[in-house]
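Visitor:
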Amino acid sequence: MIEKNEGVRSIVIFSGDLDRLMAGINIAIAAVSMGLPVNMYFTFWGLNALRKENFNTKGYGLFEKLMAIMMPAGPKKLTLSKLNMGGLGTWMMKKQMKIKQITMLPELIKIAQEAGVRFIGCQMTMNMMGIKRDALIDGLHFTGVAGYLGEAEKSHFNLFI
Amino acid sequence: MIEKNEGVRSIVIFSGDLDRLMAGINIAIAAVSMGLPVNMYFTFWGLNALRKENFNTKGYGLFEKLMAIMMPAGPKKLTLSKLNMGGLGTWMMKKQMKIKQITMLPELIKIAQEAGVRFIGCQMTMNMMGIKRDALIDGLHFTGVAGYLGEAEKSHFNLFI
Amino acid sequence: MIEKNEGVRSIVIFSGDLDRLMAGINIAIAAVSMGLPVNMYFTFWGLNALRKENFNTKGYGLFEKLMAIMMPAGPKKLTLSKLNMGGLGTWMMKKQMKIKQITMLPELIKIAQEAGVRFIGCQMTMNMMGIKRDALIDGLHFTGVAGYLGEAEKSHFNLFI
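Here it is, written out as structure tokens:
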């Protein structure tokens, strides 16, 4: 039986790499399954994992449109940080994960949200990269760095991924 | 009102990527603004953010000279970890940041130092990469891994960026 | 004299980059030298640092064989996250480390194990990448994410590298 500490567990997802996302969300799901409250802060490239697929950018400025095109839209589009090899390595790894019955990232995100992990988007990044709230999946919270820190101060652990 | 814990907050800056640096320093500035003491440890590529621009390498050995040339000298030279595209992506993002009035990294470093964030250079890295103290900006402290750990043990949180 | 906190210090090694590994293991060795218990969790690319050199993949499936060939086998094969330049940068840095008498990664791993740092392999990664226990160095422990979290909850600090 795990000894329960006070406060939430904070996980900052800075990276938009498939493998780093998988590590972070697996830790979050395990923690919330043990009854520990978890906040995940998605900042910078991490927000790409929360983007809707095929989002319509009508009314976006040029920079926002370019970012929307160049950045991967949603968890299915993310690639490995290593051995990507123009997509081949990521494709192979995903195939292997299916064979080994390892849960894929889009599923992990749903499981985490349903299990009660709080998904929080970084407002400064959204402002900087021109990502609007309706370009992201439902059920998110939003905060700035001060909001993150207020919770982090009450956190039992605090990972930056 | 934020509940104040004992001890410093430790942020290790290992990365020399513009985006990771911005995330780390924004967290540090937010923490110090809340009255929380913050130590930032700059190690490996992170030290590039603290290098002086146009530093004269007279008297340096070959390896030190090569490193000084190949590594970015100061925060203006750092690039994004993603979408850099030979500098184009970093240039676009910086332009966008100016439009959105987001504080740029060189300013953030000054603000953090003036607000009382302790900037600490890793002596092992400096020895390994041949970075001398006068090649770095003023107002730094220096320590090894033992010094870092002594403080980290008293830290309320401890990020590795 | 360092004030001793309860619990272990947790260091997750996700990265397989030579420089990140060096940072993580140097922190672990410093901590264990101060009498602090340290757990290192090797997950994803981090497991490459624990692979045996020249391991025979007889009996491996195609994916496992490909992974074994494409991923670096052991600490001598790891490269820098920056300035690798097709191996030239890593070679230069290693040469410089010898001149400066900085302990190299293969030695650091031995020192850490002998000093009592617990090296723990991530079972999900091993399953996913098809890495068998006998492909890794001796003296390892193995756990899943739940085992990691159980310890992390008792950890005084928790780094993700």
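The listed protein sequences correspond, in order, to chains A, B and C.
Counting in our numbering, the first sequence runs from 1 upward without gaps.
Counting in our numbering, the second sequence runs from 1 upward without gaps.
Counting in our numbering, the third sequence runs from 1 upward without gaps.
From the three backbone atoms N, C-alpha and C, an ideal C-beta is built for every residue, glycine too.
Pro72/A and Asn48/A look like a contact to me (Cβ under 8 Å); what is the Cβ gap, rounded to whole Å?
Guide: Contact flag correct, Cβ pair sits at about 5 Å.
Visitor: So, Leu105/B versus Leu18/B, is the Cβ gap smaller than 9 Å?
Guide: For Leu105/B and Leu18/B, yes; Cβs fall inside 9 Å.
Visitor: Could you give the C-beta distance for Ile11/B and Met40/B, rounded to a whole number, given that I count them as a contact under 8 Å?
Guide: About 5 Å separates the two Cβ atoms, so the contact holds.
Visitor: If contact means a Cβ-Cβ distance below 7 Å, which residues of the segment 94 to 109 of chain A contact chain C?
Guide: Under the 7 Å Cβ criterion, the segment 94 to 109 of chain A contributes Gln96, Met97, Lys100 and Ile102.
Visitor: According to DSSP, is Thr143/B helix, strand or coil?
Guide: Thr143/B: strand per DSSP, three-state reduction.
Visitor: For chain A, check one thing: does any of its Cβ atoms lie closer than 9 Å to the Cβ of Leu149/C?
Guide: Yes - at least one Cβ of chain A is within 9 Å of the one on Leu149/C.
Visitor: Should Gly89/C be flagged as near chain B, meaning a C-beta pair shorter than 9 Å?
Guide: Chain B contact via Cβ: present.
Visitor: With C-beta atoms as the reference, is Ala115/B less than 9 Å away from Ile27/B?
Guide: For Ala115/B and Ile27/B, no; Cβs fall outside 9 Å.
Visitor: Alpha carbon to alpha carbon, what distance is there between Met22/A and Phe149/C?
Guide: For the record, residue 149/C in the displayed sequence is Leu; it is not Phe. Roughly 15 Å separates the two Cα atoms.
Visitor: Report buried or exposed for His141/A, applying the criterion of at least 16 other Cβ atoms within 10 angstroms of its Cβ.
Guide: It counts as exposed.
Visitor: Do Ile25/C and Leu108/C have their beta-carbon atoms positioned less than 9 Å apart in this structure?
Guide: In contact: Leu108/C and Ile25/C (Cβ atoms closer than 9 Å).
Visitor: Please classify Gln101/C: is it buried, with 16 or more other beta-carbons within 10 angstroms of its beta-carbon, or exposed?
Guide: Exposed.
Visitor: Pull up the distance between the alpha-carbon of Gly74/B and that of Phe119/C, whole angstroms please.
Guide: Their Cα atoms are separated by approximately 37 Å.
Visitor: Apart from the five residues just before and just after Val38/A, which ones in its own chain have a Cβ nearer than 6 Å to its Cβ?
Guide: Cβ within range, chain order: Arg9, Ala28, Ala31, Val32 and Val117.
Visitor: What is the DSSP secondary structure of Ser33/A, counted as helix, strand or coil?
Guide: If DSSP states are grouped into helix, strand and coil, Ser33/A belongs with the helices.
Visitor: Have a look at Gly46/B and Cys122/B and give me their C-alpha separation to the nearest angstrom.
Guide: Straight-line Cα distance between these residues: approximately 10 Å.
Visitor: In the DSSP assignment, the beta strand (DSSP E) including Gly121/C goes from what residue to what residue?
Guide: Where Gly121/C is concerned, the enclosing beta strand (DSSP E) stretches over Arg118 to Cys122.
Visitor: Chain C partners of Phe42/A, CB-CB under 9 Å?
Guide: Going along chain C, no residue has its Cβ under 9 Å from Phe42/A, so there is no contact; the nearest lies around 15 Å.
Visitor: Cβ of Asp134/C less than 9 Å from any chain B Cβ?
Guide: Not one chain B Cβ lies under 9 Å of Asp134/C.
Visitor: Is Ile11/B helix, strand or coil when you go by DSSP?
Guide: It is a strand residue.
Visitor: Do you know offhand how far Lys82/B's Cα is from Arg20/B's?
Guide: Approximately 11 Å, taken between the alpha carbons.
Visitor: Please report the residue range of the alpha helix (DSSP H) in which Leu159/A lies.
Guide: Leu159/A -> not in any alpha helix (DSSP H); beta strand (DSSP E) instead, spanning Asn158 to Phe160.
Visitor: Taking the continuous alpha helix (DSSP H) assigned at Met97/A, which residues delimit it?
Guide: It spans Leu88 to Ile99 - the alpha helix (DSSP H) in which Met97/A sits, taken as one unbroken run.
Visitor: Among the residues of its own chain, which have a CB less than 6 Å from the CB of Lys154/B, if the five just before and after it don't count?
Guide: The answer, listed in chain order, is Gly7.
Visitor: Which residues in the same chain as Lys65/C place their Cβ atom closer than 7 Å to its Cβ, once the five residues preceding and following it in sequence are excluded?
Guide: If we look at Lys65/C and ignore the five residues flanking it on each side, its Cβ neighbours are Thr57.
Visitor: Are the beta-carbon atoms of Met128/C and Val145/C separated by less than 9 Å?
Guide: No.
Visitor: What are the residues of the segment 53 to 87 of chain B that lie near chain C, defined by any Cβ-Cβ distance shorter than 8 Å?
Guide: Listed by position along the chain: Phe63, Leu66, Met70 and Met71.
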